[in-house]
Each structure stands twice: as C-alpha cells, then as structure tokens.
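Numbering (our numbering), first residue to last: 447 to 759. Written below as structure tokens is the structure these notes are about.
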Ligand SMILES: [Zn+2]
C-alpha cells in the first residue's frame with residue numbers, strides 16, 4: 447500500500463478546489479469535516495512505545511444476520527474467529543445503497559466522541575469497534591487518529607453530488623453546470639473524488655476518512671507522514687486497508703483518485719463489495735442529477751470495484 451507514497455500528488459490548490467474530499471465528502475456540506483492537523487510535537491509523544499502497538503486482529507467480525515434479517519430483534523450470529531474471514535450472509539439492499547437511519551439501525555454504532563473529527567458520527571458497529579481498538583493502540587504510541595467522515599446516507603451523498611452537479615459547490619474552482627455542459631464529462635469530473643449516490647462505500651458504515659481529506663497532509667506534514675506510515679504498517683492488524691491507493695502505472699487502472707485518508711474495515715466491506723454488483727443494478731442508481739450517466743460510465747465496475755485489490759478479500 448506504499449505504492450502511492452512517492453508519486454506526485456495533485457497541487458494543494460487543486461485538491462482544495464476538488465473539495466478535498468473524495469469518496470466523498472467534498473466542500474459543501476462536509477467542508478466542516480476538514481480538520482486542522484495538530485502539532486507534530488503532540489503526535490510525537492510516546493513514539494518509543496511503537497513496539498507495543500502490534501495488536502492481534504480483532505476477534506469480532508461482521509456477523510451479518512440471515513437473509514432478510516433486518517429485524518432489530520434478530521440475534522447476531524456467532525462471529526468467526528479469523529479476522530480475515532469476511533462475513534458471508536446476505537445483507538439487505540438498503541445497506542448497500544445507504545437507505546438506512548444509523549441512529550436506529552442495530553448494525554450501526556456511534557463513534558466515541560474523542561475520535562470524531564467531523565459531522566459524521568456513525569459507522570457499522572464492527573468497524574467502529576475495530577477502529578476504537580486501532581485508535582487506542584495508536585494513541586498509546588503517540589498517533590492521534592480522528593474520523594472526519596464516516597457513514598453517509600444516500601440522501602447525504604445526493605446533496606454532495608447534486609451541489610457539485612449544479613454548480614453550488616465549485617469543483618476545481620469551477621461551476622460545472624456551465625464549464626462542463628456535457629453530462630458524462632461533468633459526471634466524470636465529479637467522480638475524481640466524489641461518489642454517485644448509491645455507490646459510495648460510506649453508505650456501508652465500514653469506511654472512515656481519517657484526520658484530513660487531503661493527500662498533502664499525509665505527504666507534506668511531519669504529523670501526517672507519521673500517521674500515514676503508522677496506518678500502512680499497522681491498520682491491517684485491525685482489519686483496515688486503504689481503498690484508493692495510487693492510480694496509473696503499477697496502481698489501480700480505474701476509479702477515484704488516490705485518497706490516503708480513506709480506510710475501510712475489510713471483514714465487512716469485502717463482503718458488501720462482493721454482493722454489491724449482484725444486488726445493485728443501474729436501475730437502482732436513480733434519483734440524483736445526471737443519474738443517466740451511471741450506465742454510460744459503468745460506475746459499478748470502474749468505480750465501486752475499482753479499488754485496491756487488498757481490500758477485496
Ligand atoms: Zn472517504
């Protein structure tokens with residue numbers, strides 16, 4: 447997952463203009479999610495404890511309820527003991543496309559306040575549990591992890607997307623409704639960093655944006671580099687992987703641009719990803735501006751499935 451670390455990243459101004467927020471958030475409603483990096487000195491505390499940070503994989507894996515098992519009273523199956531083992535029971539369509547209320551759905555849990563760095567506070571409960579284990583160990587070793595974006599519903603993503611589509615949120619400093627009148631070209635521009643509603647991994651609650659929605663933070667600041675290196679070295683021990691690694695030669699051929707901040711809880715997300723193309727067809731991707739471009743762009747293989755292969759198993 448280090449393949450992107452030494453590649454040239456987009457200019458900071460371009461990243462800002464893009465909304466900094468792939469997968470994503472965006473300037474717009476999520477602008478408040480962007481966090482100011484705290485001091486490197488603060489993060490440096492406890493570095494000597496690094497060796498203590500190795501932690502066995504989490505035992506509790508996504509144990510999804512049986513098919514149709516959306517009944518809040520339905521008991522969860524006994525979790526498998528191997529963290530690398532993805533959940534394999536069917537998940538209802540609503541969980542794949544973000545048509546849920548995480549505040550009342552038993553699959554979701556609230557992220558502890560001390561790890562919240564933005565306005566999104568919910569995640570899949572297994573992902574939240576694993577993140578807390580990771581963040582506690584990281585903190586014990588002087589690495590401060592914050593979740594700046596987590597679960598987003600279909601309607602959350604629709605607002606982000608439509609605002610970019612309609613020019614309310616600038617993309618690359620431009621109002622796309624005038625600068626890119628061709629629908630497919632406009633959608634492709636937004637897709638550099640933002641998902642179409644119904645296709646975001648943030649719908650699943652398994653994916654978290656950490657610390658700063660900006661690749662430059664992770665390459666050009668001392669604290670950001672430390673944290674990224676720690677994540678690359680340790681996140682897999684807790685079930686997390688970086689979904690959007692570098693593109694281009696030797697990297698991903700399709701999909702969103704690189705996002706050093708977007709990490710996914712693989713034991714649940716890998717199964718959701720397997721089920722996604724089976725249960726979600728283009729007929730489901732409607733109800734947002736430019737939805738007719740989804741099929742032409744083929745967003746399911748090119749974007750939903752255009753991820754770091756390490757996150758697919
Ligand atoms: Zn993200």
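C-beta: ideal position from N, C-alpha, C; glycine also. Just so we're clear, the structure is a prediction, and the values are computed from it rather than from any experiment.
Using DSSP with H/G/I as helix, E/B as strand and the rest coil, what is residue i?
| i | result |
| --- | --- |
| residue 570 | strand |
| residue 600 | helix |
| residue 614 | coil |
| residue 693 | strand |
| residue 609 | helix |
| residue 593 | strand |
| residue 551 | coil |
| residue 559 | helix |
| residue 653 | strand |
Can you grab the Cα-Cα spacing for the pair residue i / residue j, in whole Å?
| i | j | result |
| --- | --- | --- |
| residue 743 | residue 634 | 8 Å |
| residue 671 | residue 649 | 28 Å |
| residue 757 | residue 751 | 10 Å |
| residue 601 | residue 677 | 30 Å |
| residue 553 | residue 570 | 6 Å |
| residue 645 | residue 628 | 21 Å |
| residue 707 | residue 668 | 15 Å |
| residue 623 | residue 726 | 28 Å |
| residue 543 | residue 599 | 8 Å |
| residue 597 | residue 555 | 10 Å |
| residue 586 | residue 595 | 23 Å |
| residue 557 | residue 546 | 17 Å |
| residue 664 | residue 674 | 6 Å |
| residue 549 | residue 568 | 8 Å |
| residue 632 | residue 748 | 16 Å |
| residue 566 | residue 559 | 11 Å |
| residue 759 | residue 716 | 6 Å |
| residue 625 | residue 578 | 43 Å |
| residue 658 | residue 535 | 34 Å |
| residue 734 | residue 719 | 22 Å |
| residue 647 | residue 640 | 11 Å |
| residue 693 | residue 661 | 13 Å |
Would you mind giving the Cβ-Cβ distance between residue i and residue j, rounded to the nearest angstrom? I have them listed as a contact below 8 Å.
| i | j | result |
| --- | --- | --- |
| residue 591 | residue 576 | Actually they are not in contact, since the Cβ atoms of residue 591 and residue 576 sit about 12 Å apart, beyond 8 Å. |
| residue 642 | residue 537 | Not a contact, Cβ separation roughly 20 Å. |
| residue 656 | residue 593 | 6 Å |
| residue 630 | residue 739 | 5 Å |
| residue 704 | residue 691 | 6 Å |
Label residue i either buried or exposed according to how many other C-beta atoms from any shown protein chain fall within 10 Å of its C-beta, with 16 as the threshold for buried.
| i | result |
| --- | --- |
| residue 721 | buried |
| residue 666 | exposed |
| residue 620 | exposed |
| residue 724 | exposed |
| residue 572 | buried |
| residue 701 | buried |
| residue 696 | exposed |
| residue 755 | exposed |
| residue 563 | buried |
| residue 653 | buried |
| residue 651 | buried |
At least 3 beta-carbon pairs within less than 8 Å: the region 604-620 vs the region 708-719: Not touching, per the Cβ criterion.
At least three beta-carbon pairs within less than 8 Å, the region 590-606 to the region 682-697: The region 590-606 is not in contact with the region 682-697.
Three or more C-beta pairs below 8 Å linking the region 674-685 and the region 621-637: Flag = no, the region 674-685 and the region 621-637 do not touch.
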